[in-house]
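Chemist: Sharing a structure below in structure tokens format, with a few things to ask.
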Amino acid sequence: MTGTRAAFRLSLSALRAHKRRFAGTFLAVLLGVSFLAGTMVMGDTLRANFDTLFVDANTGTDAVVRSADVIDAGQGGGVREPVRASLAGRLGKVPGVAAAVPSVQGAGQLIGSDGKPVGGQGPPTLAGNWITDARLNPYHLVEGSAPTSEHEAVINRGAAKKGGLKVGDTAVVRTPDPLRVRIVGIATFGGADGMGQVTFTALTLPTAQKYLTTGPDRASAIQVRAASGVSQREVADRIAPLLPKGSEVLTGQRATQENQDEVSGRFLGVFTTLLLVFAGIALLVATFSIHNTFAIVVAQRTRENALLRALGASRRQVVGSTLAEAVAVGLVSSLAGLLGGVGVALGLKALFPALGFGMPTGGMVITTAAMAVPLAVGVTVSVGSALVPAVRAGRTAPLAALRETAVDRSGASWKRAAAGAVLGAAGIALAVVGASGSPQVPVTATGAVLVVIAFVVLGPVASTAAVRVLGAPLPRLRGVTGALAGRNALRGPKRTAATATALMVGVAVVTLFTVFGASLKATMDRTVDRSFAGDVAITTPAFGAGGSGLSPRLAPAVGELPQVRESVGLGKGVAKVDGGGRELTVTDPRRLANVIDLGSVRGSLDGLGTGGVAVSRGEAGKHGWHLGSTARLVFADGQRQPFTVRAVYERGDLSGDYLITRRAWAPHRVQDRDTLVAVAFKDGVSLGAGRAAVEKTAAGYGHPDVQDRAEYAKSAARGVDLMLSTVYALLALAVLIALLGIANTATLAVHERTRELGLLRAVGQTRSQLRAMVRWESVLVAAFGTVGGLGLGAFLGWALVRAADSAGTSAFAIPVPRLGVVLLVGVVAGALAGLRPAGRAAKLDVLKAIGVE
Amino acid sequence: MTAAARVVDAAKVYGSGETEVRALDGVSVDFPAAGFTAIMGPSGSGKSTLMHCAAGLDTLTSGSARIGDVELSGLTDKQLTVLRRERIGFVFQSFNLVPTLTVRENITLPRDLSGRPADPEWIDALVDVVGLRDRLHHRPSELSGGQQQRVAVARALAGRPDVVFADEPTGNLDSRSGAEVLGLLGRAVHEMGRTAVMVTHDPVAAAHADEVLFLADGRLVDRMPEPTAERVLDRMKAFDGRAPGARRTPQEVGP
Ligand SMILES: Nc1ncnc2c1ncn2[C@@H]1O[C@H](COP(=O)(O)OP(=O)(O)OP(=O)(O)O)[C@@H](O)[C@H]1O
Ligand SMILES: [Mg+2]
């Protein structure tokens, strides 16, 4: 007992004495824990805010009637068939039902007073009918009145603010057919400006039906309010028997729950998982840094520990004192990290809208788990990192007290080299196998993990050679100062490697994403280059659930222009094929080949009619179809329809895997819209002239973007840049932690070499030479980490691009300028990391330094 | 005879008030060019302090210190560093060599730091004098203590400095290795015309010098030209008898 207490006292006094040495560890844990806690708090807060949102949206709704079947082709929410609006009248008469109203909802993008679309960056841009039953309508008028005619609309207050619109203004709603409306009222949602950042344009029921559905008697769902005293369950039970086949009723509570689950599962799930992955990377990097700090501190304290052992301290006591130190550092820094985490969450909440991601607002939600988990992780990471060094400290022989303090100079042990080589070879082999032939992501991923481990294991073996190569030009550049910096970096291969590895992991992930993004872009470029045979493309840029698509009347209108040879619209539909949701391309297949190169086509695209489908070769192969085979498609309305495969085409990268005619799709469609209009000009028409003409016509259809081929390729890859900048921002933290590690190692090294530095100063090294020497050493370590990370990341990027490319259509690209910037940033950051230690080294008093024992 | 280095009315005070220590208390001394001077005195008498101040490693509280005709008190840190590099050589008691550099690199270090190439013939000659030709590419950790100190002497002489300051250069060596190092310093003075100032506790070491200065309580209390080990030993014994009293008998200070 007293022994434990003695050990604890020792570690506390050690902490007090070496506060500076642990500053880096403290910061590393703090940052990692902050990120983790921030992510969790942010996730909980968003989830709670979304939950409130849906409760508000469905408040007053006791039951919802809708089509039972849903088809999910993996793009946003599932697609449901409309129900008959007239059903509402019948349901209204059911005893216990106070009100039943049809609800129509579809995509409808409002154009602001500046001519630009309002919203569309993530949250949906909706249009629907103004529900006249005030208690069923989650929106409430705060200004003006409800719409009464086709050209009147109410918009939510948030949309009004963003679009600079007020009552009495006229505005255009892309439904996608541009609908010119006068704004007659402004509404709030549960007292707030809107349902989160969703924009909502409310029309009269007939208008909504005309523009947002395919027929007058259609509705997305029917909302039911129960009479007082009738429970949600009861009213649902009474309605159920009256419903036509294919429809279902669910209670208001269930509907709310479903919405909440959907957002949690789809959007929030992906979002928080992404953040957690990056928090994990930051913590992994932190672990390397912390482990390194403890290893160095223990090495530096060898004499002290040996003295303790010689004086009778047990092995346990020495181990215990080091571990107690780790617990203390971990606990204090994790607690600070929790505070930081709340700050991070607040910051993210403020940042996302600024970046254009709309998020609902509301108070912060801090759960116990969001505090307990990061705290536990922080302490575990600290203690885990200190474990090996602590055991090593316990093994200190009492005799070591009499020897010179020995720095661990080992590194390139035979065993280590062999183990690393075997791991590396196995990893590379797996990664390559998974990436070639028929690609398999799991195999490649396993290989990738092995390669990363091999890099870590081989670090000390490679560091000597790598630093030699990287440092080779230094003596020529910086004379003896450079030579000394290089030699210093070679002093402890294990230490150099551990310091560099942290950075290497960070840079590898940065590189991986950079390569992946560049490859995606290259793929897009190549696709457009190869498959887009037109001159301009008309699209509506949107992201997430926003946007509205293009009017189906645009393509024919453009086709009328004298400059235009061909103008084909492509819309999207969904159907189930063999049980799985698939996206269909709804177009005029016969003319499609004039604007999109489908490669070689077997069979004919001419006579698809209402019973024929054209399928890409890849998809046909998967289902074992040939010309004349029957493909069974199940639509959202539950209809099962056999289609004959009339053509098999080579390339589906731009056109999609299934082509059907508009006539075949018409019975199943909900809202009629195109996503792309591909236009080819007549011979001799210049791009400028043709484009101007198309733009003029398109202006009448809500100002969609008219893009030439290069712009089209670029806009198709627009999400990639957004993804990359998000990833860079998230990885910045991991890289920062790695750099802190480099700074920390440099500080510890300066401390360890005090006498040597004093000697150098005595025999004539100037302060600036000394500073340069320390800085160049950090630069070398950083360069080693960065170059290693670039290599590792590029390889992993290649393997993953290949492995994920089942269709064999992806291009692989190494963006040299961008990676050059990464290298530059790594090296410059290394110099920055060395700044403070260098400054401290230069401040050393020469005489005191020489006198230090 | 001109002075290679000199201090005039040198005083060095550490701390203030109750804890004030006068490490040097009005010392004036010339170190003649091409001369070998030893400084002796009881522990704490200010020997190291005098040497550090004379060599520009430390600054005086009052008084002046010169190397040749350069007054040190007005120089910036940068100027002092350059002066040390160009005109002074150092040999410390231990830890004289940079562990990451080879023997040869350690010898040329001050020159390399100045960015000007060392004179290869001179370095070559030095290497032969210190007898380390077969060790040029070894690291300091592969040398014995005596060899390390010989390298340090070679390093101190490599830049052809005006003065070599050595603080107990033989303190960690056995008598044979010590004699080698002292012999080297002697040759540097008598054959190469350098100036050497050495702090030592060892009367035998002091006997290699041309003159011995005795310090006590921060004051110069005696000087002995043409010393022999026995006479130095006798003089030292006198301190032990009445060490603190030395200050009260200034008439003992020699010419
Ligand atoms: N940095 C310092 N702060 C306070 N006092 C100091 C400092 N350096 C030296 N002293 C004091 O100045 C006096 C002279 O010290 P100095 O090191 O010059 O002695 P020395 O003659 O070299 O002794 P030794 O033979 O033990 O090396 C001593 O009393 C010492 O305690
Ligand atoms: Mg001394």
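As they're listed, the protein sequences go chains R and W.
Position one of the first sequence corresponds to residue 206 (the working numbering), numbered consecutively onward.
Position one of the second sequence corresponds to residue 3 (the working numbering), numbered consecutively onward.
Note that beta-carbon positions come from the ideal geometry of N, C-alpha and C, so glycine has one too.
Just so you know, these numbers come straight off a predicted model, no measurement behind them.
1) Quick test of your reading: G764/R and S772/R, contact by CB under 8 Å. State the CB separation rounded to the nearest angstrom.
2) Identify every residue that forms a DSSP beta bridge with P794/R.
3) Closer than 8 Å is the cut-off here; do at least three beta carbon pairs connect the region 647-664 of chain R with the region 940-952 of chain R?
4) Decide if Y344/R is buried, meaning its Cβ has at least 16 other Cβ atoms within 10 Å, or exposed.
5) Quick one: using the 10 Å Cβ neighbour count with 16 as the cut-off for buried, is Q280/R buried or exposed?
6) To the nearest angstrom, report how far apart V612/R and T507/R are at their CA atoms.
7) Does DSSP classify P909/R as helix, strand or coil?
8) Less than 7 Å separating the Cβ of S96/W from some heavy atom of ligand 2?
9) Just curious, the beta strand (DSSP E) that R86/W is in, first and last residue?
10) Measure from the C-beta of V661/R to each C-beta in chain W and report whether the shortest distance is under 8 Å.
11) Closer than 7 Å by beta-carbon distance: list the chain R residues that pair up with P112/W, in chain order.
12) Note the first and the last residue of the continuous beta strand (DSSP E) segment covering K14/W.
13) Buried or exposed for E1058/R, please, with buried defined as at least 16 other CB atoms from any protein chain shown within 10 angstroms of its CB.
14) Might you give, ordered along the chain, the residues of its own chain that have their beta carbon closer than 6 Å to the beta carbon of R137/W, omitting 5 neighbours on each side?
15) With DSSP run on the structure shown, which of helix, strand or coil describes D338/R?
16) Residues of chain R with CB closer than 9 Å to the CB of L222/W, please, in chain order.
17) Any beta-carbon of chain R closer than 8 Å to the one on S75/W?
18) Based on the DSSP output, what are the partners of V773/R in its beta bridges?
19) Comparing the CB of S50/W with every heavy atom of ligand 2, is any distance shorter than 7 Å?
20) On a Cα-Cα basis, can you pick out the residue from A190/W, G17/W, D224/W, K14/W that is closest to A168/W?
21) Could you spell out where the beta strand (DSSP E) holding H1092/R opens and where it closes?
22) Can we count D169/W as close to ligand 2, meaning its CB is less than 7 Å from some heavy atom?
23) So what's A894/R in DSSP terms, helix, strand or just coil?
24) Can you list, in chain order, the residues of its chain whose CB lies under 7 Å from that of T4/W, leaving out five sequence neighbours each side?
25) Classify R152/W as helix, strand or coil using the three-state DSSP reduction.
26) Whose C-beta lies closer than 6 Å to the C-beta of S538/R among residues of the same chain, with five residues either side of it excluded?
27) So, is the C-beta of H54/W closer than 8 Å to a C-beta in chain R?
28) Could you check whether V712/R and G1002/R sit closer than 8 Å to each other, using their CB atoms as the reference points?
29) Tell me whether G722/R counts as near ligand 3, meaning its Cβ is closer than 7 Å to at least one heavy atom of that ligand.
30) So does V672/R have its beta carbon nearer than 7 Å to some heavy atom of ligand 2?
31) Going by C-alpha distance, which of A943/R, V979/R, A253/R, R966/R is nearest G994/R?
32) Considering only residues of the same chain and omitting the five flanking positions on each side of R135/W, which have a CB-CB separation below 6 Å?
33) If we ignore side chains and look at the alpha-carbon of each, how far apart do G998/R and R340/R end up?
34) Measure the alpha-carbon distance for T78/W versus T61/W and round it to whole angstroms.
35) Taking only the alpha-carbon atoms, compute the straight-line gap between D793/R and P761/R and give it to the nearest angstrom.
36) Since L488/R and V582/R should fall inside the 8 Å C-beta cutoff, what is the C-beta to C-beta distance between them, to a whole number of angstroms?
Modeler: Per the coordinate set shown:
1) The residue you call residue 764/R lines up with position 559 of the first sequence. The residue you call residue 772/R lines up with position 567 of the first sequence. The Cβ separation is near 4 Å, so the contact holds.
2) As a first step, residue 794/R must be located in the first sequence, where it is residue number 589. In the DSSP secondary-structure assignment, P794/R is not bridged to any residue.
3) With a cut-off of 8 Å, the region 940-952 of chain R and the region 647-664 of chain R do not count as touching, because too few Cβ pairs lie within range.
4) Position 139 of the first sequence holds residue 344/R. So Y344/R counts as buried.
5) As a first step, residue 280/R must be located in the first sequence, where it is residue number 75. Unreliable placement is indicated for Q280/R, whose pLDDT of 49 sits below 50; no coordinate value is reported for it.
6) Taking the first residue of the first sequence as 1, we reach residue 612/R at position 407. Taking the first residue of the first sequence as 1, we reach residue 507/R at position 302. Unreliable placement is indicated for V612/R, whose pLDDT of 49 sits below 50; no coordinate value is reported for it.
7) Taking the first sequence and counting its residues from 1, the one referred to as residue 909/R is at position 704. Three-state result, P909/R: coil.
8) To locate residue 96/W, count along the second sequence from 1; it is residue 94. Checking every heavy atom of ligand 2 against the Cβ of S96/W, none is found closer than 7 Å.
9) Along the second sequence, one-based indexing puts residue 86/W at 84. Where R86/W is concerned, there is no enclosing beta strand (DSSP E), although the alpha helix (DSSP H) it sits in stretches over 79-89.
10) Locating residue 661/R in the first sequence gives position 456, where the first residue counts as 1. Not one chain W Cβ lies under 8 Å of V661/R.
11) Position 110 of the second sequence, counted from the start, is the residue given in the question as residue 112/W. Result: V968, G969.
12) Working through the second sequence from its first residue, we reach residue 14/W at position 12. First-last of the beta strand (DSSP E) with K14/W: 5-16.
13) Here residue 1058/R refers to the residue found at position 853 of the first sequence. For E1058/R, the predicted model reports a pLDDT of 48, less than 50, meaning its position is unreliable; a value from the coordinates is still stated below. E1058/R should be labelled exposed.
14) Counting from 1 along the second sequence, the entry for residue 137/W is found at position 135. The beta carbon of R137/W sits closer than 6 Å to those of V105, all from its chain and outside the five residues before and after it, given in chain order.
15) Position 133 of the first sequence, counting from 1, holds the residue named residue 338/R. If DSSP states are grouped into helix, strand and coil, D338/R belongs with coil.
16) As a position in the second sequence, residue 222/W is number 220, starting the count at 1. Residues of chain R with a Cβ closer than 9 Å to the Cβ of L222/W do not exist; the shortest Cβ-Cβ separation is about 22 Å.
17) Here residue 75/W refers to the residue found at position 73 when the second sequence is read from its first residue. No, S75/W does not count as interfacial toward chain R.
18) Counted from its first residue, the first sequence places residue 773/R at position 568. Answer is A883/R, bridged to V773/R.
19) To locate residue 50/W, count along the second sequence from 1; it is residue 48. Residue side-chain check: S50/W places its Cβ nearer than 7 Å to a non-hydrogen atom of ligand 2.
20) Numbered from 1 along the second sequence, position 166 holds the residue referred to as residue 168/W. Checking every option, the nearest Cα to that of A168/W belongs to A190/W.
21) The question about residue 1092/R has no answer here: the residues shown for chain R are numbered 206 through 1058.
22) On the second sequence, position 167 is the one that residue 169/W refers to. In this structure, D169/W has its beta carbon less than 7 Å from a heavy atom of ligand 2.
23) What you label residue 894/R is simply residue 689 of the first sequence in a count that begins at 1. Helix, per DSSP.
24) Translated into the one-based positions of the second sequence, residue 4/W becomes position 2. Taken in chain order, the residues that qualify are A35.
25) Counting from 1 along the second sequence, the entry for residue 152/W is found at position 150. Assignment of R152/W by DSSP, reduced to helix, strand and coil, places it in the helix class.
26) Numbered from 1 along the first sequence, position 333 holds the residue referred to as residue 538/R. Excluding sequence positions up to five before and after S538/R, its CB lies within less than 6 Å of the CB of F231, V234, L235, all in the same chain and listed in chain order.
27) What you label residue 54/W is simply residue 52 of the second sequence in a count that begins at 1. Put simply, the CB of H54/W is near chain R, with a gap under 8 Å to one of its CB atoms.
28) Residue mapping note: residue 1002/R aligns to position 797 of the first sequence, counting from 1. Residue mapping note: residue 712/R aligns to position 507 of the first sequence, counting from 1. Taking 8 Å as the Cβ cut-off, G1002/R and V712/R do not qualify as a contacting pair.
29) Ligand 3 is not part of this structure, which contains only ligand 1 and ligand 2.
30) Translated into positions along the first sequence, residue 672/R becomes position 467. Placement of the Cβ of V672/R at a distance of 7 Å or more from every heavy atom of ligand 2 is found.
31) Sequence index remark: in the first sequence, residue 994/R carries index 789 (1-based). Closest by C-alpha distance to G994/R, out of A943/R, V979/R, A253/R, R966/R, is A943/R.
32) Numbered from its first residue, the second sequence carries residue 135/W at position 133. Only V129 meet the Cβ criterion.
33) Here residue 998/R refers to the residue found at position 793 of the first sequence. Here residue 340/R refers to the residue found at position 135 of the first sequence. Distance between the alpha carbons of G998/R and R340/R is about 56 Å.
34) Taking the first residue of the second sequence as position 1, residue 78/W is located at position 76. Taking the first residue of the second sequence as position 1, residue 61/W is located at position 59. Roughly 11 Å between the two C-alpha positions.
35) Position 588 of the first sequence, counting from 1, holds the residue named residue 793/R. Position 556 of the first sequence, counting from 1, holds the residue named residue 761/R. Distance between D793/R and P761/R, taken at the CA atoms: about 11 Å.
36) Start at 1 with the first residue of the first sequence, and residue 488/R comes out as number 283. Start at 1 with the first residue of the first sequence, and residue 582/R comes out as number 377. Between V582/R and L488/R the Cβ distance is about 7 Å, and since that is below 8 Å, they are a contact.
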